[in-house]
DNA sequence: GATGAATGAGGGTTCATTCAT
DNA sequence: TATGAATGAACCCTCATTCAT
């Protein structure tokens, strides 16, 4: 998968580039094209979101300070309010902009016409590479953390991510059942069971990995073996 | 399971009882005072913990206000500091006192000599009744939320809960393997796979249940069917 | 006394640098604003220090409330923290900014080439006018009050004031000895003896003057008569 | 001079002794003689004052905590209020009980019929030994520190200490003038000039001695040489 | 648009004082 | 008399948000 989103650092670099684009030669005001201005605005938005990602995921919603977000983004504190109405809106935008893109890719993969096991392995790899080993992992953790206090956020996440992912997985499972690749039809009713180890991976990596490292890929393999009824000799 | 720990409401009742306990009989002065005082102190501690549970789980660590904890516990703000050195200590005590007891019960159950499936069902029921349908669910969510910012807490939780639970489950799985009740030995390496749907249950109930109710017991049944290779006809 | 004042902070310097970025021409908006802003900032700093002087000298370090300092300075409580990192820093800045300047003047006077007695009288007058009859008296009292609890402060005061004043007085005494204006060379070893009545003046004015007014100038005259061995007829 | 007051440590020991007087044999209530009880009460008062001396002189009035006073005195916090109506009363009692006794001795010494210089040297020695090298030094510093905030305290100190000391010194000076031991009659009008170096000693020892040790006895000698017009060869 | 100084409500914590035992 | 748990007002400091420039 090609990156759907620039990484934080890349975004920052981009912002810097944009900022220095007209070199030192102070262009007369108004000469700068509207398009360039819009682009600069977009770059700033990105920079702020990237900074917010770092701060929110490091400290949580309450403890994250907009001062730090601003400093990290290289803008003034007030500038944040030009792009986001308040701290909460920034948080929601953050979730939106970093998580949604991945879902599209997920849906795309589930539509590939291939044996379930192959698709599943691909999904697992996608999940590990794009989420577990990424800052996105922290965003998801943030949703679990703050979701109850921000029902809107939980709802958005349910609509945009959970339900879409569940549908995609459900379709995949149904096809697998029809083909006889799996036999337990209860999985169709509880696609959560397919995803559950992914959750474990996210939390474990964040909380316990330094105490007891977890090989996520191996765990997910074992998980699929289980689902497909593969028997390993003791 | 009989409670190892009094419930908040019970604590309050206990406090009242303690207050009225030595009715009329003239206990030697000092002894009476000391005993009653100690008991009252314990009751207060309980009350504060119960209140903290409500506030922390409703708002998270940072956003919870000790003012509210005090009010809810029916004590003055300063009183909290007689029992806990600061907000963080209160939080840790909360986790300790509400979670640890359950682990003991869990370990106990895993040592019962019965068919794996039966023990597993029992564990599931215990888990649902004592955690998922309880405030304890919120505590666990809190650990996931705040664990990264309080490494001590995560460590404590790992030592007290995770590693003990994993050992217990591992033992159970090993016995099941030996008896031929399960055939996938990878489960012994990843007991997390057994527990993963429990995690899903905790988070789902807290965040998405109002949008899309989840029948946790049914899901866990399906999970076990999967593990035991039970094939249901489509 | 015209005083040199330190700039608010490094942030200001940085701001100025940023402001000067658009070359030098036609300083439109921005630069003018920057100048006005900087000036306003300096004025605020002054206002806060003046307010702090009142509050600290009226109540002592611990009992002085920053709330009152803010109110008196006509700023919000939080504003104080834009200029001083905390209460202690404010206190130290106060001492620094009000006391240090006087020492320079003192040193200057001791270098005047004139008969000792004349210089001494001038110093006394300076001391009375600029310290005893001024709020500076209270600052010195504050140092005596809080010095033990803030060793840094005592050290600063020793370095900036005491040792410099002692050196200056010592030089003066040495010249006087050489010229035969005084004969007791022990004074050179204990310049404190010259200054001691000044201390008395400071404390007496603050604590006992309303009960028993003291004519400080007359006392200092008598002090010099003593040193110079002037004999008055009984 | 014989100690008029028990030293802190002695007081504590005395308290302990009093406490353990009836050994372990719980005497029936009421049997303990009223006299013993009064004695015990006095001992407690002493213990509290001694503890207060330590705490107040170490931290100042505001910053001293009654909790620490109680702990140091070996009594409960509430007990302090049985002996002193509030923190301020404790402070004033402290000053009274530790300073007043010394004044009596001072007055006594000034009435000795001996050459002024001899008496002066004796006074200096008394001052150094009983005040400068003692916790009393801190009490005097406390009066300077807190005097302005507690006018009652300053007034008490003026009446009990300052005015009595000044009278005594004045009498001494008058006799010295009459005998021709000194010639500067202005000293009679400003006895403060005699005492001033004592002040310097107190403050210097507390604030600057670690930076620049001061030989107080030598300084006072030099002071007297000055007053008596002793000329030392350069 | 962009800035960052200024605001001020709010929270954690302390501690003199009280009072039931 | 003695205790020490309990109180709650007070205070320092933070930080989201605003607004003049």
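Residue numbers (the working numbering), protein chains in the order written: chain A, 8 to 241; chain B, 8 to 241; chain C, 8 to 241; chain D, 8 to 241. No residue lacks a Cβ here, since even glycine has one placed at the ideal position from N, Cα and C.
Cβ of residue 232(A) less than 7 Å from any chain B Cβ?
yes
What residues of chain D sit near residue 131(C), judged by a beta carbon separation below 9 Å?
Going along chain D, no residue has its Cβ under 9 Å from residue 131(C), so there is no contact; the nearest lies around 13 Å.
Is residue 74(C) helix, strand or coil by DSSP?
helix
Could you round the C-beta distance between residue 81(D) and residue 54(D) to whole angstroms and report it? I think they count as a contact, below 8 Å.
By a beta-carbon distance limit of 8 Å, residue 81(D) contacts residue 54(D). Their separation comes to about 6 Å.
Using beta carbons (cut-off 7 Å, strictly below), is residue 218(D) in contact with chain C?
yes
For the stretch 59-68 of chain A against the stretch 82-98 of chain A, are there 3 or more C-beta pairs whose distance is under 8 Å?
Flag = yes, the stretch 59-68 of chain A and the stretch 82-98 of chain A touch.
For residue 175(C) and residue 186(C), the rounded distance between their alpha carbons:
Note on geometry: alpha-carbon atoms of residue 186(C) and residue 175(C) lie some 17 Å from one another.
Tell me which same chain residues have a C-beta within less than 8 Å of the C-beta of residue 144(B), skipping the five on either side of it?
Around residue 144(B): 138, 209, 212, 213.
Flag this pair as yes or no: are the beta carbons of residue 58(D) and residue 79(D) separated by less than 7 Å?
yes
If residue 233(D) sits next to residue 234(C), beta carbons under 8 Å apart, how far is it from one beta carbon to the other, in whole angstroms?
6 Å
Checking 7 Å against the spacing of the C-beta atoms, do residue 151(C) and residue 151(D) come in under that value?
yes
Residue 33(A) by DSSP, collapsed to three states: which one?
Confidence in residue 33(A) is poor, its pLDDT being 45 and thus under 50, which makes the residue's placement unreliable; the coordinate value appears in the next sentence. Here residue 33(A) carries a coil assignment [DSSP, helix/strand/coil].
Where are the alpha helix (DSSP H) runs, 4 residues long or more, that stay fully inside the stretch 96-124 of chain C, in chain order?
none
On a CA-only basis, which of 73(A), 64(A), 129(A) is nearest residue 224(A)? Give me that one, please.
129(A)
Please report the straight-line C-alpha distance between residue 127(C) and residue 113(C), rounded to a whole angstrom.
11 Å
Cβ shell of residue 228(C) (< 7 Å), same chain only, five flanking positions each side left out:
none
Residue 200(A) beta carbon less than 7 Å from that of residue 230(B):
yes
Which listed residue (50(A), 61(A), 41(A), 75(A)) has its alpha carbon closest to that of residue 149(A):
61(A)
Using the rule of at least 16 other Cβ atoms within 10 Å of the residue's Cβ for burial, across every protein chain shown, is residue 205(C) buried or exposed?
buried
Reduced DSSP category for residue 197(B) - H, G, I as helix; E, B as strand; rest coil
The answer is coil: DSSP assigns residue 197(B) none of H, G, I, E or B.
For a contact defined as C-beta to C-beta under 7 Å, what are the partners of residue 62(A) on chain B?
Near residue 62(A) there are no residues of chain B at all, since even the closest Cβ is about 12 Å away, more than 7 Å.
Could you check where the alpha helix (DSSP H) with residue 232(A) kicks off and where it finishes?
For residue 232(A), the enclosing alpha helix (DSSP H) stretches over residues 223-234.
Residue environment, residue 45(D), which counts as buried when at least 16 other CB atoms sit within 10 Å:
A residue is called buried when at least 16 other Cβ atoms come within 10 angstroms of its Cβ; residue 45(D) does not meet this threshold and is exposed.
Check the Cβ-Cβ distances between residue 188(C) and every residue of chain D, and say whether any is below 7 Å.
No - not a single Cβ of chain D is within 7 Å of the one on residue 188(C).
Anything in chain A within Cβ reach of residue 207(B), meaning under 7 Å, just list it in chain order.
199, 203, 206
List, in order along the chain, the chain C residues whose C-beta lies closer than 9 Å to that of residue 165(D)?
214, 215, 218, 219
Within the same chain, show all residues whose beta-carbon is closer than 6 Å to that of residue 123(B), passing over the 5 residues directly before and after it, in chain order.
183, 188
Assuming the contact rule is C-beta atoms closer than 8 Å, residue 177(D) and residue 195(D) should be a hit. Round their C-beta distance to whole Å, please.
6 Å
Member of 118(B), 158(B), 109(B), 155(B) whose CA lies at the smallest distance from the CA of residue 135(B)
109(B)
Give me the Cβ distance between residue 167(C) and residue 104(C), rounded to the nearest whole Å; I'm assuming they're in contact under 8 Å.
About 11 Å; that fails the 8 Å criterion.
Chain B within 7 Å of residue 236(A), Cβ atoms only:
yes
So with CB distances below 7 Å, who are the chain A contacts of residue 171(B)?
Chain A residues near residue 171(B): none, gap ~13 Å exceeds 7 Å.
By the three-class DSSP mapping on this structure, what secondary structure does residue 86(C) have?
Helix at residue 86(C).
Can you check which of these residues, 85(C), 72(C), 218(C), is closest to residue 165(D) by C-alpha distance?
The residue with the shortest Cα to Cα distance from residue 165(D) is 218(C).
Inter-residue CB distance, residue 51(A) and residue 86(A) (contact presumed, cutoff 8 Å)
7 Å
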